[in-house]
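Engineer: Got a structure here, written out as structure tokens. Questions coming.
Residue numbers (our numbering): 200 to 1042.
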């Protein structure tokens, strides 16, 4: 945006009406209305995936050759996949719209030298806005004047504690957004106390929260699942094109009928296309979503289930996810650092009798309901102000009258001359001089608490005579230091075992927070998470993308990070090949939730965060998340079974068909038989989403790996082709089969080997020890039986099949047994070799 900071006078007069109108025309209204592509364009964009293109071509070919059933199945599966993808992008747009509704309000501004109330959408850069306690900051602005001005920026930073803002003392860079800058406030923050005059720097989409809204409008970077399906589609497309061209070329060289050769090539293309993959994926993911719902995880984007299973790095915000998101009084200490019930009672009396605006620290003190202050009554009060940074109350019981002072440690210590040093026999406190040695001991204690991430208040008192009734700030002298109260946002009890379970499952956890390093380190220590390295927001800002990509490898704590910096961290991890999840619950987390492979929010989180997330935990518990990861791996394992089938035995059979055209005087199988073979094979695999998954496959992250799929296909596929060629020999030389007998024999053999090999491929271990789902057993054996029976049914003539001699089935049984045994041996060898060459990479 245009820089105007140097052209606007900090005068309290503000803008004139004409200046404001001109700037409104120039900069536009101060609203976060996202630009949306038309719904039709969003929907059509989903058809650009290579696998979708392959399937659409297969659908058209099936329809052109009269196979209406296959065409309909493919069309339905493609449509389902595209609709799910479209819904994901549409919801991202809704998140941006939801964000725009968070900041609609009226504001007080100075126009033409007078105060005026205008809608926030009419604010323009240069306007002078008047803010006081309870107001929502309507735009990013520079502080001109401030009096006791504290704002809560949790919307942007996630930090629970208010921060004080003073008048800016240096020129402001309009283009640079840093929520740590003392002289600036940001749209969406709320004023906790005090008042200020601020000059608007940025409005609408140029603000910090506006940039978050723009991030949510963008299509997120492709997830690991999307990248995997795209690469798999390209692999299938290349293989299909090569085999079809080869087949048509060979048939043309042998001067075979062109139309029949073309139809055979078309049938091969359909046979090679994994048209059942969208259905397998959809059913598997839907079943996984239902299972996860029973475990308190709501899945908004089905493909995120597989991304969850592949996730090897979880980035999480601290506040609300690892911590309770509420400040709690953790310690009440005497000046020597020992627990002190007396300090707690004095602090409680002060907070309970304070009539001004109570801070979250007061609420934390008052949450200790077990403190007995019966018999005490309030006489007077010296309210808190940000110059003294103390609050005093005058209270009495039947035996004493005390002025109790609570505030910032340095400001309380400055007016103390004595210190409590134990108690007498009657329980009354002993006091001693607060000399340099004792002051140094108190300073050391405060430093130690600060290093542990505590926010600290000091508590002091002074005994007053019975006729003392009117307290003033001047009476806050010669006080006795009672001790200190220390506060934290405590870790969740469930977080520590959940983090341990995630680590045991191969998921590295990295903390990405807007809070400071000391607090984050303390939380990590409480949770047993060793900090291996730290990067702050300022350091991230100074790094280019290459440096950040190198730096994120050894760092697991990112502190003082704003939303844009959090997103850069996620993208850097993804660029290193990790599948990254992000867990957060605030608006400041929305861009990161949008950019991650899988964004995870909680039911109690902000509406924008829940809109941007792919999954929502109904209980804010990392243990629930771990259950979701295991379910994702189970889902991915079943999808991979189909892919390994489709790219090994199925491809081997299609390759055999193409190769057979070199030496057979006729087509090795009729186009209709190829399509029927493919349809029955797919039908046998429909129960795969229900199948069990080995524990070993649930123990580590699993992801799309094109090298693994290619190598598995190149290893197992030739075995299928080898037994196909053996079948050719048996049919031609042993049984002396004619053309129709050859078609029939190979139809039965190819279907039997393709279908039954699932019992070998579905597990990396011993197939006799890993039990398949009963329905998978039933459909697989049923399809093989149907293939053997079809030549003897009335449909045989229509399908070009003829009865086979009994000896064929005896030979077939032996060949299938030998085939399955050889695949099992080669499979074990392949996995040993693969795991030796590709050991798990530490995250």
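Ideal placement from N, C-alpha and C gives every residue a C-beta, glycine not left out.
Owing to the predicted nature of the structure, the values given are computational and were not obtained by experimental measurement.
Thinking C-alpha only, which one of 840, 917 and 920 is nearest residue 887?
Structural biologist: Each of 840, 917 and 920 was checked against the Cα of residue 887, and the nearest Cα belongs to 840.
Engineer: Taking residue 832 as the reference, give the member of 400, 483, 984 and 765 with the closest Cα.
Structural biologist: 483
Engineer: If distances are taken between C-alpha atoms only, which option among 592, 591 and 547 comes closest to residue 571?
Structural biologist: When each option's Cα is compared against that of residue 571, the closest is 547.
Engineer: Which of helix, strand or coil does DSSP assign to residue 282?
Structural biologist: For residue 282, the secondary structure class from DSSP, reduced to helix, strand or coil, is helix.
Engineer: Taking only the alpha-carbon atoms, compute the straight-line gap between residue 938 and residue 485 and give it to the nearest angstrom.
Structural biologist: 45 Å
Engineer: In whole angstroms, what is the alpha-carbon distance linking residue 223 and residue 801?
Structural biologist: 39 Å
Engineer: Starting from residue 917 and walking both ways along the alpha helix (DSSP H), at which residues does that stretch end?
Structural biologist: 905 to 928
Engineer: Name the DSSP bridge partner or partners of residue 660?
Structural biologist: 603 and 679
Engineer: Does DSSP put residue 793 in a helix, a strand or coil?
Structural biologist: Residue state, collapsed to three classes: helix.
Engineer: Please name the residue, chosen from 338, 530, 409 and 943, that lies closest to residue 998 on a Cα-to-Cα basis.
Structural biologist: 943
Engineer: Could you round the C-beta distance between residue 753 and residue 736 to whole angstroms and report it? I think they count as a contact, below 8 Å.
Structural biologist: With a Cβ gap of about 18 Å, residue 753 and residue 736 do not count as contacting.
Engineer: Identify, in the order they occur along the chain, each residue of the same chain with its Cβ nearer than 6 Å to the Cβ of residue 773, setting aside the five sequence neighbours on each side.
Structural biologist: 779
Engineer: Does DSSP classify residue 397 as helix, strand or coil?
Structural biologist: strand
Engineer: Please report the straight-line C-alpha distance between residue 790 and residue 518, rounded to a whole angstrom.
Structural biologist: Cα-Cα distance, rounded: 16 Å.
Engineer: Using a threshold of 8 Å, state whether the C-beta atoms of residue 908 and residue 846 are closer than that.
Structural biologist: yes
Engineer: Express the C-alpha separation of residue 843 and residue 480 in angstroms, rounding to a whole number.
Structural biologist: 14 Å
Engineer: Using the C-alpha atoms, what's the distance from residue 531 back to residue 668?
Structural biologist: Separation of residue 668 and residue 531 (C-alpha to C-alpha, rounded to the nearest whole angstrom) is 29 Å.
Engineer: Do the CB positions of residue 824 and residue 681 come within less than 8 Å of each other?
Structural biologist: no
Engineer: Under 8 Å, do residue 412 and residue 231 count as touching if we go by C-beta distance?
Structural biologist: Cβ atoms of residue 412 and residue 231: closer than 8 Å.
Engineer: Within its chain, find whatever has a CB closer than 6 Å to the CB of residue 721; leave out the 5 residues flanking it on each side and keep chain order.
Structural biologist: Hits under 6 Å: 651 and 652.
Engineer: What do you reckon, are the CB atoms on residue 923 and residue 855 nearer than 8 Å?
Structural biologist: yes
Engineer: For residue 647 and residue 638, I'd like the C-alpha separation in whole angstroms.
Structural biologist: When rounded, the distance between both Cα atoms is 14 Å.
Engineer: If you follow the alpha helix (DSSP H) that residue 499 is part of, which residue opens it and which one closes it?
Structural biologist: Careful: residue 499 lies outside any alpha helix (DSSP H) and carries neither H nor E.
Engineer: Report the partner residues of residue 350 according to the DSSP bridge assignment.
Structural biologist: As a beta-bridge residue in DSSP terms, residue 350 pairs with 362 and 390.
Engineer: Contact between the stretch 702 to 718 and the stretch 559 to 566: three or more CB pairs below 8 Å?
Structural biologist: no
Engineer: Assuming residue 305 is part of the beta strand (DSSP E), what are its boundary residues?
Structural biologist: 305 to 310
Engineer: How would you call residue 1028, buried or exposed, if buried means at least 16 neighbouring beta carbons within 10 angstroms?
Structural biologist: exposed
Engineer: Quick check on this structure: which residue in 319, 826 and 763 has the alpha carbon closest to the alpha carbon of residue 219?
Structural biologist: Taking the Cα of residue 219 as reference, the smallest distance to any Cα among 319, 826 and 763 is reached at 319.
Engineer: Suppose contacts are defined by Cβ-Cβ distances below 8 Å. Is residue 496 in contact with residue 814 by that definition?
Structural biologist: yes
Engineer: Say whether the stretch 523 to 537 touches the stretch 363 to 383, bearing in mind that this needs 3 or more beta-carbon pairs closer than 8 Å, one atom from each stretch.
Structural biologist: no
Engineer: Tell me whether the beta-carbon of residue 342 lies closer than 8 Å to the beta-carbon of residue 328.
Structural biologist: no
Engineer: Using a Cβ-Cβ cutoff of less than 6 Å, which residues in the same chain neighbour residue 817 once the five nearest sequence positions on both sides are dropped?
Structural biologist: In the same chain as residue 817, and ignoring 5 residues on each side of it, the C-beta atoms closer than 6 Å to its own belong to 495 and 802, in chain order.
Engineer: Pick from 670, 656 and 655: whose alpha carbon is nearest that of residue 662?
Structural biologist: Per the C-alpha coordinates, the member of 670, 656 and 655 positioned closest to residue 662 is 670.
Engineer: Bridge partners for residue 686 per DSSP, in chain order?
Structural biologist: 528 and 654
Engineer: When the distance is taken between beta carbons, is residue 326 closer than 8 Å to residue 1049?
Structural biologist: With the chain running from 200 to 1042 in the structure shown, residue 1049 is simply not present.
Engineer: Which class does residue 557 belong to by DSSP, given the choice of helix, strand or coil?
Structural biologist: coil
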